[in-house]
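> First the structure, then my questions, so here it is.
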Amino acid sequence: MWRAQRESGPVNRDALASELLDPRAGTDLTRYAFELPARVEHVSRARKLVSARLAGWGVDGDPHDTALLVVSELFTNAIVHTDGHLVACRLHAGTERLRITVQDQGCAATGPRVCHGAQGERGRGLLLVEAVSCAWGTYDAAPGTGRAVWAELTCTPRLALGNGPPAREWPC
1 MWRAQRESGP VNRDALASEL LDPRAGTDLT RYAFELPARV EHVSRARKLV
51 SARLAGWGVD GDPHDTALLV VSELFTNAIV HTDGHLVACR LHAGTERLRI
101 TVQDQGCAAT GPRVCHGAQG ERGRGLLLVE AVSCAWGTYD AAPGTGRAVW
151 AELTCTPRLA LGNGPPAREW PC
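Rendered as structure tokens:
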């Protein structure tokens with residue numbers, strides 16, 4: 001069973017995220033996901049949600065700040081370069097890495113591109129993601145339309161379980 005508060009527009013959860021688990025005892029708390037409307041004013045909300053979850057996992061300092069930078073860039077790209085109504089963000093904290101995945105509901109046929117030249121107006125955000133990540137990439141989202149962009153950061157969570165954001169967010 002999933003829980004989410006609709007903020008605006010139609011919710012097409014199937015196009016963004018796989019089936020989510022009920023937050024009960026035994027749920028893997030190293031996975032976390034949320035959806036927000038695809039509007040620029042929600043980028044700061046995405047950063048706050050990720051920040052609270054990372055704090056609950058005991059991720060702080062440079063890894064925390066780098067993760068927020070990556071979320072900002074990927075979330076903004078999903079909003080600016082697509083026509084979707086929602087953007088999904090998933091976190092998975094492993095023993096040595098944190099994977100951040102941001103998925104939109106549709107994108108241009110070419111997909112995300114990194115701009116390596118100083119002349120381009122777009123693509124520098126992905127250049128930044130490339131610079132701070134140990135790995136990153138994209139894949140076509142399934143089921144439905146859209147693209148997922150992911151980045152991995154070197155990070156060792158301390159997993160202070162039981163802390164983290166309440167309400168409309170859910171572990172997955």
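In full-length UniProt numbering, the protein residues as written are 1 to 172. The C-beta atom is built at its ideal place from N, Cα and C for all residues, glycine as well.
Smallest Cα separation from residue 59: which of 138, 30, 106, 77?
Start at 1 with the first residue of the sequence shown, and residue 59 comes out as number 59. Closest option to residue 59, Cα to Cα, is 30.
> In the UniProt domain "Histidine kinase/HSP90-like ATPase" (36-133), which residue ranges form an unbroken alpha helix (DSSP H) of at least 4 residues, counting only runs that do not cross its ends?
43-56, 61-80, 124-132
> Cα separation between residue 128 and residue 66?
Stepping through the sequence shown from its first residue, residue 128 is reached at position 128. Stepping through the sequence shown from its first residue, residue 66 is reached at position 66. Taking the Cα positions, residue 128 is about 10 Å away from residue 66.
> To which residues does DSSP link residue 31 through a beta bridge?
The residue given as residue 31 occupies position 31 in the sequence shown. Note: residue 31 sits in a beta bridge opposite 92.
> Compare the C-alpha of residue 87 against each of 32, 77, 69, 126 and name the closest.
In the sequence shown, counting from the first residue as 1, residue 87 sits at position 87. The candidate whose alpha carbon is nearest that of residue 87 is 77.
> So who's on the other strand from residue 154, going by DSSP bridges?
Against the sequence shown, residue 154 aligns to sequence position 154. 97, per the DSSP bridge assignment.
> Buried or exposed for residue 155, going by 16 or more other Cβ atoms inside 10 Å?
Looking up residue 155 in the sequence shown gives position 155. With 16 or more Cβ atoms within 10 Å of its Cβ, residue 155 is classed as buried.
> Quick check on DSSP: helix, strand or coil for residue 148?
Against the sequence shown, residue 148 aligns to sequence position 148. Note: residue 148 maps to strand in three-state DSSP.
> Considering Cα atoms alone, identify which of 69, 50, 104, 51 is closest to residue 147.
Translated into positions along the sequence shown, residue 147 becomes position 147. When each option's Cα is compared against that of residue 147, the closest is 104.
> For residue 64 and residue 142, what's the separation of their Cα atoms in angstroms?
Along the sequence shown, read from residue 1 onward, the residue named residue 64 stands at position 64. Along the sequence shown, read from residue 1 onward, the residue named residue 142 stands at position 142. Cα to Cα, residue 64 sits roughly 29 Å from residue 142.
> For residue 135, which beta-bridge partners are listed by DSSP?
The count along the sequence shown starts at 1 and reaches residue 135 at position 135. 152.
> So residue 32 packs on residue 91, CB below 8 Å; how close in whole Å?
Position 32 of the sequence shown holds residue 32. Position 91 of the sequence shown holds residue 91. Cβ-Cβ separation between residue 32 and residue 91: approximately 5 Å, consistent with a contact (criterion under 8 Å).
> Do residue 47 and residue 71 have their CB atoms nearer than 8 Å?
The sequence position of residue 47 within the sequence shown is 47, counting from 1. The sequence position of residue 71 within the sequence shown is 71, counting from 1. Yes, the pair counts as a contact, with Cβ atoms nearer than the cut-off.
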